[in-house]
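Undergrad: Numbering (our numbering), first residue to last: 110 to 270. We put the CB at the ideal spot given by N, CA and C, even for glycine.
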Amino acid sequence: MKIGPDGEAEEFLNGIHPSPPPPDDRRNDLCFASGGDRMFVSDAVRGLIYVIQSEPSTGADPEADLPPRLTELHGNYPNPFNPSTTLRFALSAEGPVTLEIYDLSGRRVRQLLRSESLPACEHAVVWDGRDDEGRAAAAGVYLVSLRTREKSFSGKIVLVK
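#1: Please report the distance separating the alpha-carbon of R217 from that of E181.
#2: Would the beta-carbon of A246 fall within 8 Å of that of L221?
#3: With a threshold of 16 other CB atoms inside 10 Å of the CB of Y186, please say whether the residue is buried or exposed.
#4: What residue does the beta strand (DSSP E) around G204 start on, and which one ends it?
#5: Go to E274, then tell me how far its beta strand (DSSP E) extends in each direction, as first and last residue.
#6: What span of residues does the beta strand (DSSP E) with T195 cover, start to end?
#7: So A199 packs on L179, CB below 8 Å; how close in whole Å?
#8: For P177, which residues of its own chain have a beta-carbon under 6 Å away from its beta-carbon, when the five flanking residues on both sides are left out?
#9: Taking just the CA atoms, how far does S226 sit from D134?
#10: Name, in chain order, the residues that DSSP records as bridge partners for E259.
#11: Taking DSSP's pairing of strands, which residues face N185 in a bridge?
#12: Would a C-beta distance cut-off of 8 Å place G264 and S193 closer than the cut-off?
#13: Give the secondary structure of L175 by DSSP, where H, G and I count as helix, E and B as strand, and everything else as coil.
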């Protein structure tokens, strides 16, 4: 990719195309299409979503086109983290997803996804360690809440300073 003097992307590698992000999207995240032929990467700083399309494979794995068998919260990496961590989860069916971070007293710190309809595939969302107002969260243990139409999941993550 070539970035112009104004900070805008001017040229892209073969198969990479920018598209506008959803409104008020302050997170960076990554999603793979269920067939594995496309990857979506958001860049909150530049306000772009990159769609990376791969060439069709000749030796296709019949399992590759199937969505994950289970909806799961995989956890985050790194953990403990500073200043950001990637929260990974799998969806076995398309549908609305809410992903939130809470402190140990039960107060919501950050809403990363709010009933967003996501495809059945593996997902990764980056939490930058900031609250909904953009302030840096304090060091400590936080709870991750993932809610789908069918299930709710939770996990602990640790922010260190």
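TA: Judging by the given coordinates:
#1: Taking the sequence shown and counting its residues from 1, one reaches residue 217 at position 108. Taking the sequence shown and counting its residues from 1, one reaches residue 181 at position 72. Roughly 21 Å separates the two Cα atoms.
#2: Here residue 246 is taken as the residue at index 137 of the sequence shown, counted from 1. Here residue 221 is taken as the residue at index 112 of the sequence shown, counted from 1. No, these two residues do not count as a Cβ contact at 8 Å.
#3: On the sequence shown, position 77 is the one that residue 186 refers to. Label assigned to Y186: exposed.
#4: Start at 1 with the first residue of the sequence shown, and residue 204 comes out as number 95. Its beta strand (DSSP E) spans residues G204 to D212.
#5: The shown model of the chain, from 110 to 270, leaves out residue 274, and the question about it has no answer.
#6: Mapped onto the sequence shown, residue 195 falls at position 86. Its beta strand (DSSP E) spans residues T194 to A199.
#7: As a position in the sequence shown, residue 199 is number 90, starting the count at 1. As a position in the sequence shown, residue 179 is number 70, starting the count at 1. Between L179 and A199 the Cβ distance is about 7 Å, and since that is below 8 Å, they are a contact.
#8: Within the sequence shown, residue 177 is the residue found at index 68, counting from 1. Result list for P177: A199 and S201, in chain order.
#9: Position 25 of the sequence shown holds residue 134. Position 117 of the sequence shown holds residue 226. Note that D134 has pLDDT 48, beneath the 50 cutoff, so the model's placement of it is unreliable and the number below is only indicative. Roughly 14 Å separates the two Cα atoms.
#10: Residue numbering aside, residue 259 sits at position 150 when the sequence shown is read from its first letter. DSSP output for E259 lists no bridge partner at all.
#11: Along the sequence shown, one-based indexing puts residue 185 at 76. DSSP, once it has assigned bridges, lists L196 as partnering N185.
#12: Position 155 of the sequence shown holds residue 264. Position 84 of the sequence shown holds residue 193. No.
#13: Within the sequence shown, residue 175 is the residue found at index 66, counting from 1. Correct three-state label for L175: coil.
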